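Enquirer: Under mature numbering (1 follows the signal peptide of the UniProt record, and there is no 0), the letters of the sequence shown match residues -26 to -1, 1 to 145, in that order. Please see the structure below; I have some questions.
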Amino acid sequence: MGTLSFRFQLIPALTLTAALSSAASAAPVGYDQVLDAIGVAQRRVLLYTPALTDPGLTGALREAVLDTARETPVYVLTVPFFSYKPESGVNTLALVGALVHEAQVDSRLAVLIVDDHVFVSKTLGRVPRPSDIEYLPGKVNTYLNWYKTALGSARRVSRLDAVQRIKEMAK
């Protein structure tokens, strides 16, 4: 059973690696363009980042959650270890209603899906104004499947969880 469980944990990482190896048409994109895309998203915003400490990205996600005119669902998937750090933005996002999940995802690459646009970066979410963001046209289904698979093993962070963590970090 341990081997079977191990294989299923590797599937998201292997799928992501395969998708990236075929990303020959990747194009660099600016940080402000990514924030603008989040600001006008109509259908979905899905982010995977190991750690979310970038205040600009956290703010853009928060605004998308709180925009009652659009009601765009915002999902954030992150690694549990980093969610317990005081500089993490995931707890405040959970408080305002973002669908925050935690899982042990074996990928250092951040993936952001905004409507039907896919952005990847090694530093998105971890550093302010990253310069390594790439846009991957035509890859939305590949990354949606990867995201759904990774989300399958995740634990939801409730508003109560977020409040308790924030109180604990304030001590």
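Cβ coordinates follow ideal geometry from the N, Cα and C atoms, glycine included. Owing to the predicted nature of the structure, the values given are computational and were not obtained by experimental measurement.
Considering only the alpha carbon of each residue, which of R129, Q138, D90 lies closest to E76?
Expert: As a position in the sequence shown, residue 76 is number 102, starting the count at 1. Selected option, being the one with the closest Cα: R129.
Enquirer: Tell me which residue opens and which closes the beta strand (DSSP E) that V74 is part of.
Expert: Your numbering for residue 74 matches position 100 in the sequence shown. Run containing V74: 73 to 76, per the beta strand (DSSP E) assignment.
Enquirer: Suppose the cutoff is 7 Å on Cβ atoms and the five residues either side in sequence are ignored; what does the same chain contact list for L118 look like?
Expert: Start at 1 with the first residue of the sequence shown, and residue 118 comes out as number 144. Answer for L118: I87, listed in chain order.
Enquirer: Just the C-alpha distance for S(-6) and K145, rounded to the nearest angstrom, thanks.
Expert: Working through the sequence shown from its first residue, we reach residue -6 at position 21. Working through the sequence shown from its first residue, we reach residue 145 at position 171. Unreliable positioning characterises S(-6) in this predicted model, as indicated by a pLDDT of 44, which lies under 50. A coordinate reading is not provided.
Enquirer: With C-beta atoms as the reference, is G99 less than 8 Å away from L9?
Expert: Locating residue 99 in the sequence shown gives position 125, counting from the first residue. Locating residue 9 in the sequence shown gives position 35, counting from the first residue. No, the Cβ-Cβ distance between G99 and L9 is not below 8 Å.
Enquirer: What span of residues does the beta strand (DSSP E) with T27 cover, start to end?
Expert: Sequence index remark: in the sequence shown, residue 27 carries index 53 (1-based). Taken as a continuous stretch (DSSP letters only), T27 belongs to no beta strand (DSSP E), as it is neither H nor E.
Enquirer: What is the DSSP secondary structure of P2, reduced to helix, strand or coil?
Expert: For this step, residue 2 is matched to residue 28 along the sequence shown. Residue state, collapsed to three classes: strand.
Enquirer: Quick check on the DSSP output: the beta strand (DSSP E) that includes I87 runs from which residue to which?
Expert: Here residue 87 refers to the residue found at position 113 when the sequence shown is read from its first residue. Residues 84 to 88.
Enquirer: Which value, in whole angstroms, describes the spacing of the CA atoms of A(-4) and L110?
Expert: Stepping through the sequence shown from its first residue, residue -4 is reached at position 23. Stepping through the sequence shown from its first residue, residue 110 is reached at position 136. Confidence is the limiting factor: at A(-4) the pLDDT is only 45, short of 50, which leaves the residue's position unreliable, though a coordinate-based value still follows. Answer to the nearest angstrom: the Cα atoms are 7 Å apart.
Enquirer: Taking 8 Å as the cut-off, decide whether the C-beta atoms of I140 and Y5 are in contact.
Expert: Translated into positions along the sequence shown, residue 140 becomes position 166. Translated into positions along the sequence shown, residue 5 becomes position 31. No.
Enquirer: Name the DSSP bridge partner or partners of L110?
Expert: Within the sequence shown, residue 110 is the residue found at index 136, counting from 1. Looking at the DSSP assignment, L110 forms no beta bridge with any residue, so it has no partner.
Enquirer: Which of the three DSSP states is assigned to Q138 in this structure?
Expert: Walking along the sequence shown from the start, residue 138 turns up at place 164. Of the three classes helix, strand and coil, the one that applies to Q138 here is helix, per DSSP.
Enquirer: Taking the CB atoms as reference points, tell me whether V64 and A38 lie closer together than 8 Å.
Expert: Here the question's residue 64 lines up with position 90 in the sequence shown. Here the question's residue 38 lines up with position 64 in the sequence shown. Cβ atoms of V64 and A38: not closer than 8 Å.
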